[in-house]
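For the record, the sequence lines run as chains A and B. Numbered according to numbering that gives the first Met the number 0, the first sequence spans residues 0 to 145. Numbered according to numbering that gives the first Met the number 0, the second sequence spans residues 0 to 267. Structure, as structure tokens:
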Amino acid sequence: MAANDKATKTETAKEEQASPILIQMGIFAAILFVSSLISPLFPATFPVPTPVIGLVILYILLASHIVKLRNVEKFGDFMISLIAFLFVPSGIQLAASLDILKAQGVQLVVVILIATIVLLVVVAYTTAGFIWLRKNVFHRDVNVEE
Amino acid sequence: MMTLTATAHMAAWGKWLGDALGTNAAGASAGNALFGIFLSLVVYLFGQWLFKIGKGFFLFQPLFVGMVLGIFILFLFAKAFGTDTATFYKSAYLPGGNIIFWFLNPATIAFAIPLYRRNDVVKKFWLEIVLSLIVGLVISLFVIYYVSKLIGLDNVGIASMMPQAATTAIAMPIAGAIGGNTAVTAMACILNAVIIYALGDWLVKFFHVNSDPIGAGLGLGTAGHTVGSAKALQLGSIQGSMASIAVVVISIVVDIVVPPFASMMGLI
Chain A
0 MAANDKATKT ETAKEEQASP ILIQMGIFAA ILFVSSLISP LFPATFPVPT PVIGLVILYI
60 LLASHIVKLR NVEKFGDFMI SLIAFLFVPS GIQLAASLDI LKAQGVQLVV VILIATIVLL
120 VVVAYTTAGF IWLRKNVFHR DVNVEE
Chain B
0 MMTLTATAHM AAWGKWLGDA LGTNAAGASA GNALFGIFLS LVVYLFGQWL FKIGKGFFLF
60 QPLFVGMVLG IFILFLFAKA FGTDTATFYK SAYLPGGNII FWFLNPATIA FAIPLYRRND
120 VVKKFWLEIV LSLIVGLVIS LFVIYYVSKL IGLDNVGIAS MMPQAATTAI AMPIAGAIGG
180 NTAVTAMACI LNAVIIYALG DWLVKFFHVN SDPIGAGLGL GTAGHTVGSA KALQLGSIQG
240 SMASIAVVVI SIVVDIVVPP FASMMGLI
């Protein structure tokens, strides 16, 4: 009973700590706005899309404890939970380029299949190589979990 | 006579619907955004339902079903209106689609949160993670480039294939900048996830990917995006956390590596 009570208390304390959702949205909006101002500064041959800059800014703000998890995680986790749905218009966009699919659809799908396998295998083995170096050449610990 | 009445009915119905969707207007740009939003939700929810009753059959992934069904519905509507699919898409679907698409901005930057939650692992292995993803991506890009050439893709097709390891919202603008077709790149990102979902277990076994758990995680996150990181979590918690880190970091690596690679290969 007492333990149960304590659990409820910490839970309410946590609830109190989380920033109001409008504040969380405000933080996201501010980061996106600043990112959209920075993005056009990069040359056209080296584009850095707004979300890349926003991602880096939010990570830096979190890592430097300027923004706390409780300030952003409720809205952020909600947005991430929607991500598959948010991709639907990107997929349907193909309706405007059906002629490309008609011309080289099969080739594209074959390349995508090969690319997926190549990315998986090459990245996995490259990583294994670097981890091997870390362990056997630099003698540093390779345990992920403490 | 019968057919004539039916045609007249169809025409009246078509005019009403056309007005409602905004496709009758000259220039046809100020469409009704609600159609695009509604259609996106319906096809995606249908996909979720199909995935559930299909017991997770790989072609029934909600996003994939949503894409195919959505395009098919637009195709049918376009036929009914006597216009082509691309025009109907632009006038009727795009206004609503763009509203949903906009929300990818906050959703993509939100990925900084899971990355930060794994900050202990990131801090310890950042050099290996960044080096592995850069070197792995450059090698993969060479392979993808020459495979595309061999199979006979034109430069637009090849450029569309380059940024697919990044998350869709980041891959698309990069594809556009290096002369690719953003829609094809989006399709590639979606198919990556479908393929990893379908063949992931088999590929991991066949290529002994899991001989290094950190490598398995980074590989699955790179190749299969968020679906890949769900697969990786099934292999173990090390793989899972590495994959969720890879999903984010590879997007930044793609942004740094792909444009110079494309100009080196003469794509831009």
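Don't be surprised by glycine CBs; every beta carbon is placed ideally from N, CA and C. Just so it is clear, the structure is predicted and the values come from calculations on it, not from any experiment.
Quiz item: If A231 of chain B sits next to G216 of chain B, beta carbons under 8 Å apart, how far is it from one beta carbon to the other, in whole angstroms?
Solution: Confirmed, about 5 Å.
Quiz item: Can you tell which of B:L114, B:M160, B:Q238 has its C-alpha closest to the C-alpha of Y58 of chain A?
Solution: Minimum Cα distance to Y58 of chain A is reached at B:L114.
Quiz item: Is it a yes or a no for the stretch 32–44 of chain B touching the stretch 91–100 of chain B, going by three-plus beta-carbon pairs under 8 Å?
Solution: Look at the beta carbons and you see the stretch 32–44 of chain B touching the stretch 91–100 of chain B: at least three pairs across the two are nearer than 8 Å.
Self-check item: Same chain, Cβ closer than 8 Å to A261 of chain B, neighbours up to 5 away in sequence not counted
Solution: Around A261 of chain B: A158, M161, I177, G178, I267.
Quiz item: Q163 of chain B and N209 of chain B look like a contact to me (Cβ under 8 Å); what is the Cβ gap, rounded to whole Å?
Solution: N209 of chain B and Q163 of chain B do not touch by the CB rule: their CB atoms are close to 23 Å apart, not below 8 Å.
Exercise. Tell me the start and end of each unbroken alpha helix (DSSP H) in the stretch 211–262 of chain B that is at least 4 residues and wholly inside, in chain order.
Key: The DSSP assignment places 212–234 as complete runs of the alpha helix (DSSP H) inside the stretch 211–262 of chain B, in order along the chain (cut-off: 4 residues).
Quiz item: What is the DSSP secondary structure of M78 of chain A, reduced to helix, strand or coil?
Solution: Of the three classes helix, strand and coil, the one that applies to M78 of chain A here is helix, per DSSP.
Exercise. Could you give the DSSP three-state label for T166 of chain B: helix, strand or coil?
Key: DSSP places T166 of chain B in the coil class of the three-state scheme, outside both helix and strand.
Quiz item: Taking 8 Å as the CB-CB limit, is Y115 of chain B close to chain A?
Solution: Between Y115 of chain B and chain A, the shortest Cβ-Cβ separation is below 8 Å.
Quiz item: At a CB-CB cut-off below 7 Å, which residues of chain A make contact with V134 of chain B?
Solution: Think of a sphere of 7 Å around the beta carbon of V134 of chain B: the chain A residues whose beta carbon falls inside it are T125, in chain order.
Quiz item: Hey, quick one: how far does the alpha helix (DSSP H) through I108 of chain B stretch, first residue to last?
Solution: Note, I108 of chain B: alpha helix (DSSP H), 103–108.
Self-check item: Three-state secondary structure assigned by DSSP to L40 of chain B
Solution: Of the three classes helix, strand and coil, the one that applies to L40 of chain B here is helix, per DSSP.
Exercise. Compare the Cα-Cα distances from F181 of chain B to each of A:S96, A:V122, A:K101 and report the closest residue.
Key: The sequence given here has Thr at residue 181 of chain B, not Phe. Closest by alpha carbon: A:S96.
Self-check item: Sequence-distant residues of the same chain with beta carbon closer than 6 Å to S61 of chain B, five excluded per side
Solution: A quick correction: the sequence has Pro, not Ser, at residue 61 of chain B. Cβ within range, chain order: Y43, G46, Q47, F50.
Practice problem: Give every residue of the same chain whose Cβ lies closer than 6 Å to the Cβ of V66 of chain A, excluding the five residues on either side of it in the sequence, and list them in chain order. | Solution: Excluding sequence neighbours, V66 of chain A sits near L60.
Self-check item: Integer-rounded CB distance, given that K73 of chain A should sit under 8 Å from A28 of chain A
Solution: Distance from A28 of chain A to K73 of chain A at the Cβ level is roughly 15 Å; contact not present, criterion being Cβ atoms closer than 8 Å.
Exercise. With 8 Å as the threshold, decide whether the Cβ of T82 of chain B is near any Cβ in chain A.
Key: Put simply, the CB of T82 of chain B is far from chain A, with every gap to its CB atoms at 8 Å or more.
Practice problem: With 9 Å as the limit, tell me which residues of the stretch 142–165 of chain B have their beta carbon closer than that to any beta carbon of chain A; keep them in chain order. | Solution: Taking 9 Å as the cut-off between beta carbons, the residues of the stretch 142–165 of chain B near chain A are V142, I143, V146, S147, I150, G151, L152, D153, V155, G156, I157, S159, M160, Q163, A164, A165, in sequence order.
Practice problem: Along the alpha helix (DSSP H) that carries G90 of chain A, what are the first and last residues, could you check? | Solution: Bounds of the alpha helix (DSSP H) holding G90 of chain A are 87–91.
Quiz prompt | Option in B:G265, B:P258, B:M264 with minimal Cα separation from F41 of chain A | solution = When C-alpha distances from F41 of chain A are compared across B:G265, B:P258, B:M264, the shortest belongs to B:P258.
Practice problem: Would you mind telling me which residues of chain A sit closer than 7 Å to Y43 of chain B, beta carbon to beta carbon, in chain order? | Solution: Those are F84, V87, listed as they occur along chain A.
Quiz item: Taking Cβ positions, are V120 of chain A and F206 of chain B nearer each other than 8 Å?
Solution: Contact flag set, yes.
Quiz prompt | For T181 of chain B, the three-state DSSP class (helix, strand or coil) | solution = T181 of chain B falls in the helix class under three-state DSSP.
Quiz item: Does F27 of chain A get closer than 8 Å to chain B when you measure Cβ to Cβ?
Solution: It does; some Cβ of chain B falls within 8 Å.
Quiz prompt | A192 of chain B, DSSP secondary structure in three states | solution = Note: A192 of chain B maps to helix in three-state DSSP.
Quiz item: Quick one: what does DSSP say G65 of chain B is sitting in, helix, strand or coil?
Solution: Here DSSP, grouped into helix, strand and coil, assigns G65 of chain B to helix.
Quiz prompt | Simplified DSSP assignment, three categories, for K123 of chain B | solution = In this structure, K123 of chain B counts as helix in the three-state DSSP scheme.
Quiz item: Residues of chain A with CB under 9 Å from L217 of chain B, in chain order?
Solution: Within chain A, the residues near L217 of chain B are V122, A123, T125, T126.
Practice problem: Let me know if P39 of chain A comes out buried or exposed under the rule of 16 or more other beta-carbons within 10 Å of its beta-carbon. | Solution: Exposed.
Quiz item: Alpha carbon to alpha carbon, how far is P31 of chain A from K122 of chain B?
Solution: The identity of residue 31 of chain A in the sequence shown is Leu, whereas the question assumes Pro. Rounded to the nearest angstrom, the two C-alpha atoms are 25 Å apart.
Quiz item: Using CA coordinates, which residue listed in A:S89, A:L132, A:P48 is at the minimum distance from F100 of chain B?
Solution: The option with the nearest alpha carbon to F100 of chain B is A:S89.
Quiz item: Quick one: which chain B residues come within Cβ less than 8 Å of S136 of chain A?
Solution: A quick correction: the sequence has Val, not Ser, at residue 136 of chain A. The contacting residues do not exist; V136 of chain A stays about 12 Å from chain B at best.
Quiz item: Given G53 of chain B, which residues of its chain have a CB within under 6 Å of its CB, disregarding the five upstream and five downstream residues?
Solution: Around G53 of chain B: F59.
Quiz item: From which residue to which residue does the alpha helix (DSSP H) around V51 of chain A run?
Solution: If you look at V51 of chain A, you'll find it in the alpha helix (DSSP H) that goes 49–62.
Quiz prompt | Best match in B:S243, B:V183, B:F56, B:A222 for proximity to I91 of chain A [C-alpha to C-alpha] | solution = The alpha carbon of I91 of chain A has as its nearest neighbour, out of B:S243, B:V183, B:F56, B:A222, the alpha carbon of B:V183.
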